[in-house]
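With my numbering as the guide, the letters of the sequence shown map in order to residues 32 to 333. C-beta: ideal position from N, C-alpha, C; glycine also.
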Amino acid sequence: MADISLRFHKDMLVLTSPVDASLARQGTNFEDDFEMLMVVEPETLEDAYRSQMTTQAQCLVAQTANLLPSRLLHKNLEKRLPELVRISLEMATAQKAQHVLVELGPTGLPLDPSSKASLMEHRDQYVRAAREFEHYPFDAYLLNDFTDVDALKCALMGLRKASDRPVFASVNANAEGVLGNGRHTLQEAVAVMQEFGASVAGVQTPCAPAAAAHLARGMASACSLPLMVQLQVGQRNAKQLNPTDENPYYRPETLFDAIPHLRSAGVQFLRATGNATPAYAAALAAVLVGLDVIDVRGILED
32 MADISLRFHK
42 DMLVLTSPVD
52 ASLARQGTNF
62 EDDFEMLMVV
72 EPETLEDAYR
82 SQMTTQAQCL
92 VAQTANLLPS
102 RLLHKNLEKR
112 LPELVRISLE
122 MATAQKAQHV
132 LVELGPTGLP
142 LDPSSKASLM
152 EHRDQYVRAA
162 REFEHYPFDA
172 YLLNDFTDVD
182 ALKCALMGLR
192 KASDRPVFAS
202 VNANAEGVLG
212 NGRHTLQEAV
222 AVMQEFGASV
232 AGVQTPCAPA
242 AAAHLARGMA
252 SACSLPLMVQ
262 LQVGQRNAKQ
272 LNPTDENPYY
282 RPETLFDAIP
292 HLRSAGVQFL
302 RATGNATPAY
312 AAALAAVLVG
322 LDVIDVRGIL
332 ED
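As structure tokens, then:
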């Protein structure tokens with residue numbers, strides 16, 4: 032695998048969509064079954080990865096978001112963390128993607144920002160996970176699905192304690208730039224990303240293209256990092272005929288309209304999430320071939 036950091040601020044790249052939508056159609060319960068699926072029926076996940084790689088996306092996101100000790104503990108799988116890490120990375124790297132990203136999500140633990148013990152507990156979850164992942168080849172971590180700035184800070188500190196690989200960091204925000212917890216803003220999150228060692232600043236949002244681009248411009252004005260935007264796809268409804276504010280990405284081709292907006296805002300990495308199928312990643316990849324990132328920093332400064 033090539034060093035992904037060599038591509039920062041250069042060509043636009045697509046990340047594969049989550050495999051959730053594909054596997055859910057086969058009856059997989061992600062809350063209860065997914066980690067055991069990797070052990071007892073790995074070919075199912077391998078097939079999902081292969082479907083993602085037919086999209087020509089350059090970056091394969093490994094389905095590892097819950098491989099934190101705290102997440103595995105309530106499933107009585109904590110002791111199997113090394114095994115699950117090995118299986119997931121072997122399957123992901125076998126796909127021969129240009130770049131492989133290891134996704135890690137929030138710990139699921141209660142967090143008291145005023146308590147040093149609570150903060151350390153959160154940080155150490157990522158230290159322990161990273162020490163397992165560091166044995167294997169991959170390009171970068173993806174800290175994803177965060178709604179709280181303090182939790183994100185702990186995650187970044189934990190990864191930076193255990194690894195010097197690039198870290199993509201992403202928070203969930205609405206069109207007004209408010210995070211999912213309702214207390215923090217995207218600007219606050221970007222400041223944390225810049226200060227605590229993120230390599231790429233990202234946002235995941237369900238909002239329409241123009242609003243998503245507005246969020247990206249705000250991020251560009253607040254940091255010097257490459258930018259990532261993840262567009263959340265809502266529930267698909269065969270009766271929907273046009274984009275709506277609630278579900279602007281009801282069909283894969285609706286992403287075609289989003290790309291010019293996001294490119295003009297300086298976004299380098301794009302991903303469709305939520306209920307996105309492989310066709311969404313394919314739509315992004317088909318349009319982005321050969322496109323370079325537009326550097327908006329000088330424009331914003333003017």
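Classification of residue i by the beta-carbon crowding that lies within 10 angstroms, buried from 16 upward
i, result
"A160", "buried"
"R38", "buried"
"H166", "exposed"
"T275", "exposed"
"M339", "Absent from the structure is residue 339, since the part of the chain shown begins at 32 and ends at 333."
"H105", "exposed"
"E134", "buried"
"S194", "buried"
"D181", "buried"
"V320", "exposed"
"R81", "exposed"
Residue i to residue j span [Cα, whole Å]
i, j, result
"L112", "N273", "44 Å"
"L108", "M84", "29 Å"
"C254", "V71", "44 Å"
"G208", "L315", "24 Å"
"D288", "P49", "22 Å"
"N205", "A241", "13 Å"
"T95", "A123", "10 Å"
"D333", "D326", "Here the model assigns D333 a pLDDT of 41, short of 50, so the residue's position is not dependable, and the following value carries that caveat. Approximately 13 Å between the Cα atoms of the pair."
"L331", "A125", "Note that L331 has pLDDT 48, beneath the 50 cutoff, so the model's placement of it is unreliable and no number is given."
"G228", "D51", "29 Å"
"P197", "A232", "11 Å"
"G213", "N203", "11 Å"
"G297", "P283", "22 Å"
"N278", "A269", "12 Å"
"A79", "P291", "29 Å"
Pair within 8 Å by beta-carbon distance, residue i and residue j
i, j, result
"L246", "L217", "yes"
"L54", "V92", "no"
"G136", "S101", "no"
"S201", "Q235", "yes"
"R267", "Y281", "yes"
"V260", "N306", "no"
"L322", "M43", "yes"
"A88", "A317", "no"
"L210", "D179", "yes"
"S295", "A243", "no"
"L103", "S119", "no"
"K192", "V223", "no"
"V116", "E163", "yes"
Near the ligand NAP: residue i beta-carbon under 7 Å from a heavy atom
i, result
"G228", "Absence of the ligand NAP from the depicted structure is noted, as is the absence of any ligand whatsoever, leaving it without description."
Touching or not, the stretch 162-178 and the stretch 141-153, by the rule of three or more beta carbon pairs under 8 Å? no
Complete beta strand (DSSP E) runs within the stretch 98-173 (minimum length 3 residues, chain order): 130-135
Touching or not, the stretch 181-197 and the stretch 122-131, by the rule of three or more beta carbon pairs under 8 Å? no
At which residue ranges does the stretch 278-315 contain complete beta strand (DSSP E) runs of 3 or more residues, listed in the order of the chain? 298-305
Can you check the stretch 240-283 for any beta strand (DSSP E) of at least 3 residues that lies completely inside it and give the ranges in chain order? 258-264
Hey, which unbroken runs of the alpha helix (DSSP H) at 4 residues or more fall wholly within the stretch 184-244? 217-226
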